[in-house]
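What follows is a set of notes on a single structure, which appears directly below.
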Amino acid sequence: MTQIIVLPHVELCPDGAILEAAPGTTICDGLLANGIDIEHACEKSCACTTCHVIIREGFNSLEAADDLEEDLLDKAWGLEPQSRLSCQATVGETPLVVEIPRYTINMAREDKH
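Here the working numbering is used: position 59 in the sequence shown is 64, and no number is missing along the way.
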């Protein structure tokens with residue numbers, strides 16, 4: 006199992022979290038399995054940016070994003086060089102430190118933000 010440290014997020018994980026995920030698991034699935042309700046409006050099909058995360062440590066251990074993910078990331082709120090879609094980035098053997106941005110671009114969601 007690989008450790009994922011989730012930095013504090015006001016709504017989803019106020020105290021931060023330390024969790025474990027099996028290599029090959031997407032970051033999104035690892036978060037969801039551990040009770041962190043990250044948005045995934047497209048149901049993890051790489052068709053939106055609501056599951057955007059910033060990899061603060063361990064970014065270089067991840068497989069490179071493909072062209073579709075890169076194109077979508079260009080539309081993400083708060084894009085940084087270490088940004089990934091958590092539904093596409095799979096956990097390897099290297100521990101990760103992940104930040105969930107404060108906002109997402111989710112045109113269908115009106116109940117928050």
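A virtual CB, placed ideally from N, CA and C, is assigned to each residue, including glycine.
- Between GLY21 and the set THR30, ALA27, ILE9, the nearest pair of CA atoms involves ILE9.
- In the three-state reduction of the DSSP assignment, SER50 falls in the coil class, being assigned neither a helical nor a strand state.
- Comparing alpha carbon positions, the residue from MET6, LEU17, THR31, CYS53 closest to GLU75 is CYS53.
- Remark: fewer than three beta-carbon pairs, one from each stretch, lie closer than 8 Å, so the region 69 to 87 and the region 22 to 31 are not flagged as touching.
- DSSP lists no beta-bridge partner residue for ARG107.
- Sixteen is the threshold: when 16 or more other Cβ atoms of the shown chains lie within 10 Å of the Cβ of ASP34, as they do, the residue is buried.
- Taking each of LEU90, GLY40, GLU85, VAL103 in turn and checking the Cα distance to ALA46, the smallest one comes out for LEU90.
- Residue environment analysis places VAL96 among the buried positions, since at least 16 neighbouring C-beta atoms fall within 10 angstroms of its C-beta.
- Here THR109 is not near GLY63, since their CB atoms are 8 Å or more apart.
- Considered as a whole, the region 14 to 47 harbours 22 to 26 as its complete beta strand (DSSP E) runs of no fewer than 3 residues, in chain order.
- Secondary structure note for LEU90: its beta strand (DSSP E) is the uninterrupted segment 88 to 90.
- Boundaries of the alpha helix (DSSP H) around GLU74: 72 to 78.
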